[in-house]
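Protein chains in written order, with the working numbering: chain W, 112 to 224; chain Y, 2 to 113. Positions of the beta carbon are idealized from the N, C-alpha and C atoms, including for glycine. Quick notes on the structure that follows.
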Amino acid sequence: SQQGEEDPQALSIQEGENATMNCSYKTSINNLQWYRQNSGRGLVHLILIRSNEREKHSGRLRVTLDTSKKSSSLLITASRAADTASYFCATDVASDSWGKLQFGAGTQVVVTP
Amino acid sequence: DTGVSQDPRHKITKRGQNVTFRCDPISEHNRLYWYRQTLGQGPEFLTYFQNEAQLEKSRLLSDRFSAERPKGSFSTLEIQRTEQGDSAMYLCASSPVVHEQFFGPGTRLTVL
């Protein structure tokens with residue numbers, strides 16, 4: 112079974128708009144990571160947020176983490192056509208082996224020019 | 002290119018045949034992971050190595066699957082007596098101990 116669940120499953124926006132997607136998980140974590148996967152390409156790490164952090168920024172990306180609600184959000188600001196991809200959250204579960212990631216099913220984002 | 006590489010990129014095989022995939026991690030990365038991804042789903046953990054030691058295997062990894070990482074460098078994943086349900090993208094990733102993981106392009110397996 113998958114630990115994380117992303118919401119929404121799919122998102123369609125226009126260039127310049129912001130895209131927000133959420134991830135909920137079930138058990139305590141060491142950290143939560145977001146990855147991007149373009150069509151036909153491998154997964155690329157975007158950002159890692161530790162369990163004792165609440166917010167993190169990287170370029171146009173902003174990630175929040177609420178451990179009390181077991182949820183995280185990824186915000187992409189000023190989206191570009193090149194942001195079209197599937198976005199996955201992955202949790203490093205505290206009760207599990209360090210570094211073993213459990214992925215959600217992903218949010219498919221389409222950015223139209 | 003010093004990223005994670007996987008070979009082959011595509012493999013088509015007949016049911017019942019054995020297949021072997023190779024992964025070359027980023028040099029100096031101690032950890033190497035194997036995941037399987039089916040269409041519309043996120044990757045599912047299969048197994049991982051710390052140097053040459055295989056530390057954990059998922060219940061998804063039946064006895065038809067075996068993975069090795071001799072000398073703590075490249076790794077191989079072998080599937081014996083392939084079944085149609087084995088059709089998937091097999092992803093390899095490496096990381097420097099506990100950190101973000103760097104993924105290879107994957108090997109797409111099609112079992113006919």
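### Task
Output the residue ranges of the beta strand (DSSP E) runs that lie fully inside the stretch 23-70 of chain Y and measure 3 residues or longer, sorted by chain position.
Scanning the stretch 23-70 of chain Y for uninterrupted beta strand (DSSP E) segments of 3 residues or longer gives 32-38, 45-51, 54-58 and 66-69, listed from N- to C-terminal end.
### Task
Take every Cβ of the stretch 100-113 of chain Y, pair it with every Cβ of the stretch 4-17 of chain Y, and state whether three or more of those distances are shorter than 8 Å.
yes
### Task
Determine which residues share a DSSP beta bridge with D177 of chain W and list them.
Taking the first sequence and counting its residues from 1, one reaches residue 177 of chain W at position 66. Its beta-bridge partners are W:S182.
### Query
At what residues does the beta strand (DSSP E) containing S135 of chain W begin and finish?
What you label residue 135 of chain W is simply residue 24 of the first sequence in a count that begins at 1. Counting along the chain, S135 of chain W sits inside the beta strand (DSSP E) bounded by residues A130 to S135.
### Query
Does the distance from the CB of A205 of chain W to the CB of S139 of chain W come in under 8 Å?
By 1-based counting over the first sequence, the position of residue 205 of chain W is 94. By 1-based counting over the first sequence, the position of residue 139 of chain W is 28. The answer is yes: Cβ separation under 8 Å.
### Query
Per DSSP, F103 of chain Y forms a beta bridge with which residues?
Reading the second sequence from its first residue, position 102 is the one you call residue 103 of chain Y. Y:S95, per the DSSP bridge assignment.
### Task
Indicate whether L62 of chain Y and T77 of chain Y have their beta-carbon atoms separated by less than 8 Å.
Here residue 62 of chain Y refers to the residue found at position 61 of the second sequence. Here residue 77 of chain Y refers to the residue found at position 76 of the second sequence. No, the pair does not count as a contact, with Cβ atoms beyond the cut-off.
### Task
Could you check what DSSP says for S112 of chain W in three-state terms: helix, strand or coil?
Looking up residue 112 of chain W in the first sequence gives position 1. Note on S112 of chain W: pLDDT 47, under 50, position unreliable in the model; the coordinate value appears next. Note: S112 of chain W maps to coil in three-state DSSP.
### Query
Looking at the C-beta of R32 of chain Y, does it have a partner C-beta in chain W at a distance below 8 Å?
In the second sequence, counting from the first residue as 1, residue 32 of chain Y sits at position 31. Under the 8 Å criterion on CB atoms, R32 of chain Y is classed as interfacial with respect to chain W.
### Task
With 8 Å as the threshold, decide whether the Cβ of H168 of chain W is near any Cβ in chain Y.
Translated into the one-based positions of the first sequence, residue 168 of chain W becomes position 57. No - not a single Cβ of chain Y is within 8 Å of the one on H168 of chain W.
### Message
I want to see whether chain Y comes within less than 8 Å of A196 of chain W, judged by CB atoms only; does it?
### Response
Stepping through the first sequence from its first residue, residue 196 of chain W is reached at position 85. Output row for A196 of chain W: interface = no.
#### Entry: Residues of its chain near S169 of chain W, where Cβ-Cβ distance is below 6 Å and the 5 sequence neighbours each way are ignored
In the first sequence, counting from the first residue as 1, residue 169 of chain W sits at position 58. Answer for S169 of chain W: I158, listed in chain order.
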